[in-house]
């Protein structure tokens, strides 16, 4: 289970809104779009077809993310994925 609690004030950016997707390959094929405004809570079950993403944007997008994981293999995989992602994000700035 993933829980997102957004902590931003007003969100005027066209990008950065979380899109819940129908397929893994098309960011424009969304069935819902969630602006990251303060107090918004989003909860979804992590599963192979829980596709989501957002268009790029400039600036900070503040959120608290909680994950409930029961499989140790998933924990290791996600920790590795987050480390790699953070490494490349730091290098891009």
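Numbering (my numbering), first residue to last: 1 to 93. No residue lacks a Cβ here, since even glycine has one placed at the ideal position from N, Cα and C.
Taking 8 Å as the cut-off, decide whether the C-beta atoms of residue i and residue j are in contact.
{"i": "residue 10", "j": "residue 34", "result": "no"}
{"i": "residue 51", "j": "residue 1", "result": "no"}
{"i": "residue 16", "j": "residue 57", "result": "yes"}
Taking the alpha-carbon of residue i as reference, which of the options has the nearest alpha-carbon?
{"i": "residue 40", "options": "31, 61, 57 and 25", "result": "61"}
{"i": "residue 49", "options": "84, 20, 57 and 67", "result": "20"}
{"i": "residue 12", "options": "59, 78, 46 and 45", "result": "59"}
{"i": "residue 100", "options": "23, 86 and 85", "result": "The chain is shown from 1 up to 93; residue 100 falls before or after that span and cannot be answered."}
Between residue i and residue j, what straight-line distance do the alpha-carbon atoms span, to the nearest angstrom?
{"i": "residue 8", "j": "residue 63", "result": "8 Å"}
{"i": "residue 6", "j": "residue 42", "result": "9 Å"}
{"i": "residue 65", "j": "residue 54", "result": "16 Å"}
{"i": "residue 72", "j": "residue 89", "result": "26 Å"}
{"i": "residue 70", "j": "residue 91", "result": "32 Å"}
For residue i, report the span of its beta strand (DSSP E) as first-last.
{"i": "residue 63", "result": "63-67"}
{"i": "residue 2", "result": "2-6"}
Go to residue i, then tell me how far its alpha helix (DSSP H) extends in each direction, as first and last residue.
{"i": "residue 86", "result": "72-91"}
(message) Report the start-end ranges of each beta strand (DSSP E) in the segment 17-47 that is 3 residues or longer and not cut off at the edges.
(response) Counting only runs that start and end inside the segment 17-47, the beta strand (DSSP E) elements of at least 3 residues fall at 18-21, 30-34 and 41-44.
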